[in-house]
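Written out below as structure tokens is the structure these notes cover.
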Amino acid sequence: MAMEKYPEAEVVHGAKDWHDHSLKLLSELGFPGGVLPLTNLEECGMVHETGFKAPYKHLFHSTNTLMRYDSEVTAYVEKGKMKKMKGVKSKQLLVWVPIVEMSIEEEKIYLKSNVGDWENLFCFCCFHR
Numbered sequence: 841m842a843m844e845k846y847p848e849a850e851v852v853h854g855a856k857d858w859h860d861h862s863l864k865l866l867s868e869l870g871f872p873g874g875v876l877p878l879t880n881l882e883e884c885g886m887v888h889e890t891g892f893k894a895p896y897k898h899l900f901h902s903t904n905t906l907m908r909y910d911s912e913v914t915a916y917v918e919k920g921k922m923k924k925m926k927g928v929k930s931k932q933l934l935v936w937v938p939i940v941e942m943s944i945e946e947e948k949i950y951l952k953s954n955v956g957d958w959e960n961l962f963c964f965c966c967f968h969r
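In my numbering, the protein residues as written are 841 to 969.
Encoded structure:
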């Protein structure tokens with residue numbers, strides 16, 4: 841499926857292969873491996889200019905934060921930062937808040953939204969695998 845929509849995508853098939861690949865990629869970008877818990881996916885593609893494909897919900901037990909990753913997640917990525925993110929939301933009280941930026945500063949991860957002035961700060965260690 842990724843090859844049809846994104847012919848330039850680097851496509852990895854199989855949950856184990858993609859999980860291993862995503863951990864390597866996140867490490868190269870300076871993020872802890874648990875920040876995008878991409879598991880149990882049969883096919884995923886990554887275009888360095890546009891991002892990942894991964895439908896998924898995940899509860900980060902260490903922060904009690906429920907995150908939703910849509911079937912298409914995109915972001916502009918660089919070392920220590922993912923910006924102009926689309927397809928990632930965090931459950932805050934009763935509302936799903938879109939996450940538009942994730943950055944790392946001094947062993948802390950900042951999640952930012954375009955809803956009001958919402959942003960959240962987490963210890964880097966909360967997302968280690």
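For glycine and all other residues, C-beta sits at the position ideal for the given N, C-alpha and C.
ask   = Between K931 and L961, which are expected to be in contact by the criterion C-beta below 8 Å, what is the C-beta distance as a whole number of angstroms?
value = Wrong, their Cβ atoms sit about 17 Å apart, outside the cutoff.
request  = Return the chain-ordered list of same chain residues with a C-beta closer than 8 Å to the C-beta of K897, the five sequence neighbours on each side being excluded.
outcome  = L906, M907, R908, Y909
inquiry  = Using only the alpha-carbon positions, how far apart do D860 and L869 sit?
reply    = 15 Å
query = What is the DSSP secondary structure of K923, counted as helix, strand or coil?
reply = strand
request  = Indicate the three-state DSSP secondary structure (helix, strand or coil) for W858 in the structure shown.
outcome  = helix
message = Tell me the DSSP secondary structure of A842 in three-state form.
response = Confidence at A842 is low in this model, with a pLDDT of 45, below 50, so its placement is unreliable and the value that follows should be read with caution. DSSP places A842 in helix when its eight states are reduced to three.
query = If we ignore side chains and look at the alpha-carbon of each, how far apart do N904 and V851 end up?
reply = 32 Å
query = Alpha carbon to alpha carbon, how far is M843 from T914?
reply = For M843, the pLDDT reaches just 47, beneath the cut-off of 50, and the residue's location in the model is therefore unreliable, although a value from the coordinates is still provided. Cα-Cα distance, rounded: 16 Å.
request  = Please confirm whether G873 and L866 have their CB atoms less than 7 Å apart.
outcome  = yes
query = From what residue to what residue does the beta strand (DSSP E) around C966 run?
reply = First-last for C966: undefined, no H or E at that position.
inquiry  = So, for V937: in the same chain, excluding its five sequence neighbours on each side, which residues have a beta-carbon less than 8 Å away from its beta-carbon?
reply    = K929, S930, K931, S953, V955, W958
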